[in-house]
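Visitor: Have a look at the structure that comes next, please.
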Amino acid sequence: MNTAAPKKLPAPRHDEPMAARRPHAEPVDSCTLNTRDAIATLLGGLPVFRPGEVWLVGAGPGDPRHLTLEAVAALASADAVVHDALVDPRVMSLARPEAERVFAGKRGGKPSAVQADIAARLVELARAGRRVVRLKGGDPFMFGRGGEEVETLLAHGISCRVVPGVTSGLAGLAAAGIPATMRGINQAVVLATGHGGIGQEAPDWGAISATGLPLVLYMAMKNLPEIVAALIAGGRPAETPAAIIAAVATSAERVLVSRLDRIVPDALEAGMEPPAIVAIGDIVALRERLAAGLLPFRLAGDDAGTSDIGAAS
Ligand SMILES: C[S@@+](CC[C@H](N)C(=O)[O-])C[C@H]1O[C@@H](n2cnc3c(N)ncnc32)[C@H](O)[C@@H]1O
Numbered sequence: 058m059n060t061a062a063p064k065k066l067p068a069p070r071h072d073e074p075m076a077a078r079r080p081h082a083e084p085v086d087s088c089t090l091n092t093r094d095a096i097a098t099l100l101g102g103l104p105v106f107r108p109g110e111v112w113l114v115g116a117g118p119g120d121p122r123h124l125t126l127e128a129v130a131a132l133a134s135a136d137a138v139v140h141d142a143l144v145d146p147r148v149m150s151l152a153r154p155e156a157e158r159v160f161a162g163k164r165g166g167k168p169s170a171v172q173a174d175i176a177a178r179l180v181e182l183a184r185a186g187r188r189v190v191r192l193k194g195g196d197p198f199m200f201g202r203g204g205e206e207v208e209t210l211l212a213h214g215i216s217c218r219v220v221p222g223v224t225s226g227l228a229g230l231a232a233a234g235i236p237a238t239m240r241g242i243n244q245a246v247v248l249a250t251g252h253g254g255i256g257q258e259a260p261d262w263g264a265i266s267a268t269g270l271p272l273v274l275y276m277a278m279k280n281l282p283e284i285v286a287a288l289i290a291g292g293r294p295a296e297t298p299a300a301i302i303a304a305v306a307t308s309a310e311r312v313l314v315s316r317l318d319r320i321v322p323d324a325l326e327a328g329m330e331p332p333a334i335v336a337i338g339d340i341v342a343l344r345e346r347l348a349a350g351l352l353p354f355r356l357a358g359d360d361a362g363t364s365d366i367g368a369a370s
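So for the sequence shown, my numbering puts the first residue at 58; every next one is plus one.
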């Protein structure tokens, strides 16, 4: 039996605690004392966020419950939060009301100029002695330009830390009940971007296809017809199971299961839209065995729960 007096957690700094905002979530008081103790112990061991530092923090795919403890603590102590478009407002609401909020989403047409502006703003805020959180969807180092931002900050002599987050590719698989690896099916998995537009680096789909490995694609919706054609031309069987998992960990989450040669028309018909993860490979077929038995990825009160748009064979 645990007879130790429970350590008191600091009172929430927000007008509206999480449990009140999300009535379906477990009320805070139902946390066991052991859970509170464990969280308090972990909070005590976190690094100190010093003025003038920039922390690149992974916000996870959407729902705040996927945040790491370190991400929550960083948000709660930041003086400024520079955030991307895909960061869920529920995550942003964890920042102090008085923290400066800077939107750093992409504006159409000039990605490189915007990136330079973002880096310049981070440098400016850090030099003004602020504790700056650079909040990025998913994981900061996964297709998030986190590496470039760290390079710029270090070049300006600014101390940085990277707080990893749950990347949407892996969260998307979890939401759909698709294991990234499974003994007897695959010993590796490819995480790739489907973005490669004009003038940008694109993956070598022929070479990737030839590996036979399952693929988890980010930013692939726009170029999906070309990607599918290149994968099939590279030898990937047309009947390879494929899925699209959209808006993972948000109230709009949807899963479409199809096969490689039908995924594009099926997605069009179902109105699947970005942000989305595309999964291709035999691992996708495991969903049929696993998903029905898994507890739901999203919480029961999140609107209608995940919409499943059928499992075409
Ligand atoms: C610029 S990348 C950033 C990826 C991010 N750093 C991560 O680790 O998830 C943006 C792409 O991530 C994917 N993505 C991000 N959030 C998502 C979500 N909630 N549901 C599905 N896909 C998401 C989409 O493919 C989107 O086009």
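Where is the CB? At the ideal position from N, CA and C, for every residue including glycine.
Would you mind sorting L274 into buried or exposed? The rule is 16 or more other CB atoms within 10 Å of its CB.
Guide: By the 10 Å Cβ count, L274 comes out buried.
Visitor: Report yes if the C-beta distance between L192 and H123 is below 8 Å; otherwise report no.
Guide: Cβ distance not < 8 Å, so L192 and H123 don't count as in contact.
Visitor: Taking 8 Å as the CB-CB cut-off, is G291 touching chain D?
Guide: Here there is only one protein chain, and chain D is not present.
Visitor: Closer than 8 Å by C-beta to A176: which residues in its own chain qualify, once you throw out the five before and the five after it? Chain order, please.
Guide: Correct list, in chain order: E205, E206, T209, L210.
Visitor: Taking the straight line between their C-alpha atoms, what separation do you get for A249 and L272?
Guide: Taking the straight line from one Cα to the other gives about 7 Å.
Visitor: Return the chain-ordered ranges of every alpha helix (DSSP H) run that is complete within the segment 323-357 and spans a minimum of 4 residues.
Guide: Those alpha helix (DSSP H) runs which fall completely within the segment 323-357 and span 4+ residues are 343-347.
Visitor: Keeping to the same chain, check which residues put their C-beta closer than 8 Å to that of N243; ignore five residues upstream and five downstream.
Guide: The answer, listed in chain order, is L270, P271, G338, D339, I340.
Visitor: R187 lies in the alpha helix (DSSP H); which residues open and close that run?
Guide: Here R187 belongs to no alpha helix (DSSP H), and DSSP marks it neither H nor E.
Visitor: Is it buried or exposed for G251, if we count other Cβ within 10 angstroms and need 16 for buried?
Guide: With 16 or more other Cβ atoms within 10 Å, it is buried.
Visitor: Just the C-alpha distance for G109 and E330, rounded to the nearest angstrom, thanks.
Guide: The alpha-carbon atoms of G109 and E330 are separated by roughly 39 Å.
Visitor: Between G117 and A306, is the Cβ-Cβ spacing less than 8 Å?
Guide: Taking 8 Å as the Cβ cut-off, G117 and A306 qualify as a contacting pair.
Visitor: According to DSSP, simplified to helix, strand and coil, what is R147?
Guide: DSSP places R147 in helix when its eight states are reduced to three.
Visitor: Compare the C-alpha of S266 against each of A286, R319, M239 and name the closest.
Guide: Checked all of A286, R319, M239; the closest Cα to S266 is A286.
Visitor: For the alpha helix (DSSP H) containing A130, name the first residue and the last one.
Guide: Counting along the chain, the alpha helix (DSSP H) containing A130 begins and ends at 126-134.
Visitor: Could you give the uninterrupted runs of the alpha helix (DSSP H) lying entirely in the segment 224-268, keeping only those of 4 residues or more?
Guide: Fully enclosed alpha helix (DSSP H) runs of 4 or longer: 225-233, 262-268.
Visitor: Under 7 Å from any heavy atom of ligand 1, does the C-beta of V219 make it?
Guide: No, ligand 1 has no heavy atom inside 7 Å of this Cβ.
Visitor: Rounded to the nearest angstrom, what separates A259 and F106 at their Cα positions?
Guide: If I take the Cα positions, the gap works out to 37 Å.
Visitor: Nearest CA to the CA of G162: which residue from R178, L143, I320, A333?
Guide: Checked all of R178, L143, I320, A333; the closest Cα to G162 is L143.
Visitor: Thinking just about the alpha-carbon of each residue, which of A245, I301, G292, F354 is nearest to the one in G328?
Guide: Minimum Cα distance to G328 is reached at I301.
Visitor: With respect to the alpha helix (DSSP H) encompassing R93, which residues constitute its N-terminal and C-terminal limits?
Guide: Segment 90-101, the alpha helix (DSSP H) holding R93.
Visitor: On the DSSP letters alone, give me the boundaries of the alpha helix (DSSP H) that I284 sits inside.
Guide: First-last of the alpha helix (DSSP H) with I284: 281-290.
Visitor: Could you say which of V180, P197, F200, A237 lies nearest to A212 if we only look at CA atoms?
Guide: Selected option, being the one with the closest Cα: V180.
Visitor: Quick test of your reading: L317 and L288, contact by CB under 8 Å. State the CB separation rounded to the nearest angstrom.
Guide: With a Cβ gap of about 7 Å, L317 and L288 count as contacting.
Visitor: Which same chain residues end up closer than 7 Å to A277 when comparing Cβ atoms and leaving out the 5 residues on each side of it in sequence?
Guide: If we look at A277 and ignore the five residues flanking it on each side, its Cβ neighbours are G251, I284, V335.
Visitor: Tell me which residues share the same chain as V246 and place their Cβ nearer than 7 Å to its Cβ, disregarding the 5 neighbours each side in the sequence.
Guide: The residues are A237, T238, L270, P271, V273.
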